[in-house]
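Heads up: the structure comes next, in structure tokens.
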Amino acid sequence: MATTKKSTKTTKKSSTAKKLTSRKATRTKNINTMTDISSDVSTSPKKRFSVRPKRMLGLVIIVAAFAGLLYYLRGLFVVAIVNGKPITRYELVRDLEKNYATQELDSVITKKLIYQEAAKRNIVVTDEEVQTQIDELDTQLKSQGTSIEQYMTFNGQTLEQLKDLIKLRKTVEALMQDKLAVSEDEVQKYYDDNKATFGEQKFEEVKGQITDSLVQNKLSSEFQTWIAGVKANSKIYYLVNF
Numbered sequence: 187m188a189t190t191k192k193s194t195k196t197t198k199k200s201s202t203a204k205k206l207t208s209r210k211a212t213r214t215k216n217i218n219t220m221t222d223i224s225s226d227v228s229t230s231p232k233k234r235f236s237v238r239p240k241r242m243l244g245l246v247i248i249v250a251a252f253a254g255l256l257y258y259l260r261g262l263f264v265v266a267i268v269n270g271k272p273i274t275r276y277e278l279v280r281d282l283e284k285n286y287a288t289q290e291l292d293s294v295i296t297k298k299l300i301y302q303e304a305a306k307r308n309i310v311v312t313d314e315e316v317q318t319q320i321d322e323l324d325t326q327l328k329s330q331g332t333s334i335e336q337y338m339t340f341n342g343q344t345l346e347q348l349k350d351l352i353k354l355r356k357t358v359e360a361l362m363q364d365k366l367a368v369s370e371d372e373v374q375k376y377y378d379d380n381k382a383t384f385g386e387q388k389f390e391e392v393k394g395q396i397t398d399s400l401v402q403n404k405l406s407s408e409f410q411t412w413i414a415g416v417k418a419n420s421k422i423y424y425l426v427n428f
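This is the structure we're talking about:
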């Protein structure tokens, strides 16, 4: 019986020792595992932030487009480069305003007043009338060995500018119509006073030419008087001093 008890105690001690050894082994394994994980984390390469290829391509496209836009619009900022020194559009406009703005503004105001007065009198110059005048001018120029294109180039005009000028002139003629009458005596006197100019041409041959010339002279004179009166009776406010 004593032997049996001792054997039992020995067995229990042995079992207990095994359990303790097993727990220590487990703890050691867990510690080793934690150490391995920690080692993996500490030794793994750090991630670096980088721009994705697609995003980089987008930035390149935007920059290129912006640069192209600046090149395309370069004339909005710089109008010329002289020996490496730029002349800006601002400089050009400033000089133009300084030298020509007053004259151009007066011209625009005059044109505005002409059309306002024409509207009051229901005077309208049609496109057909303008075209007829252009055709007549073209025929006249061709008879002199030139063309309407050469005429416009010489005067620095486009076709639209020529049409606008003809429309304005015919509007003025309509406004001044009652002041442009030329008598036969006036035409004859002009011919007699300028016979040297006409040479061997008879009066009847140049009568129409003289009449047109006298009408244009009257038109210029009467218009200056008329427009001065219109301006005096108009409310014109100048908001900018040049």
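First residue of the sequence shown? That's 187 in the numbering used here, and the numbers climb one at a time after it. All residues carry an ideal CB built from backbone N, CA and C; glycine is no exception.
Selected residue, minimal CA-CA separation from Thr274, among Val264, Leu282, Glu283: For Thr274, the nearest C-alpha among the options comes from Val264.
Neighbour flag for Thr339 against chain B, beta carbons, 8 Å: Among the chains of the structure shown, chain B does not appear; only one protein chain is present.
Segment limits, beta strand (DSSP E) that includes Ile273: Segment 271-274, the beta strand (DSSP E) holding Ile273.
Alpha-carbon to alpha-carbon, Lys404 and Val392: Straight through space, the alpha carbons of Lys404 and Val392 are spaced by roughly 18 Å.
Collapsed DSSP secondary structure at Asp226 in the structure displayed: Reliability fails at Asp226, whose pLDDT of 46 lies under 50, so the model's placement of it is uncertain and no value is given.
Whole beta strand (DSSP E) elements within the region 263-311, 3-residue minimum: Uninterrupted beta strand (DSSP E) stretches at least 3 residues long and entirely within the region 263-311 occur at 264-268, 271-274, given in chain order.
Whole-angstrom distance between Leu299 and Asp313, CA atom to CA atom: CA-to-CA, the gap between Asp313 and Leu299 works out to about 21 Å.
Straight-line gap, Tyr424 to Leu345 (C-alpha atoms, nearest Å): Cα to Cα, Tyr424 sits roughly 32 Å from Leu345.
Stretch pair the region 401-417 + the region 362-378: three plus CB contacts closer than 8 Å: Contact between the region 401-417 and the region 362-378 is present: 3 or more CB-CB pairs across the two stretches fall below 8 Å.
Ser399 - DSSP class collapsed to helix/strand/coil: Reduced to three states, the DSSP call for Ser399 is helix.
Phe384 vs Thr288 beta-carbon contact at 8 Å: Taking a C-beta distance under 8 Å as the contact criterion, Phe384 and Thr288 do not qualify as a contact pair.
C-beta contact flag for Leu361 and Ile422 at 8 Å: The Cβ atoms of Leu361 and Ile422 do not sit closer than 8 Å to each other.
Among Asn419, Thr296, Val373, the one whose alpha carbon lies nearest that of Ser399: Closest by alpha carbon: Val373.
C-alpha distance - Glu303 paired with Tyr286, whole-angstrom precision: When rounded, the distance between both Cα atoms is 26 Å.
The alpha helix (DSSP H) enclosing Met338, as first and last residue numbers: Its alpha helix (DSSP H) spans residues 334-341.
Residue closest to Arg355, alpha-carbon to alpha-carbon, out of Glu335, Lys375, Val401: Out of Glu335, Lys375, Val401, Val401 has the C-alpha closest to the C-alpha of Arg355.
Assigned exposure category for Tyr276 - 16 Cβ within 10 Å defines buried: Tyr276 comes out exposed.
Delimiting residues of the alpha helix (DSSP H) encompassing Thr357: Secondary structure note for Thr357: its alpha helix (DSSP H) is the uninterrupted segment 345-361.
Separation of Gln347 from Asp371, as counted between CA atoms: If I take the Cα positions, the gap works out to 37 Å.
Under the three-state DSSP convention, the category Glu386 falls into: Coil at Glu386, not helix or strand.
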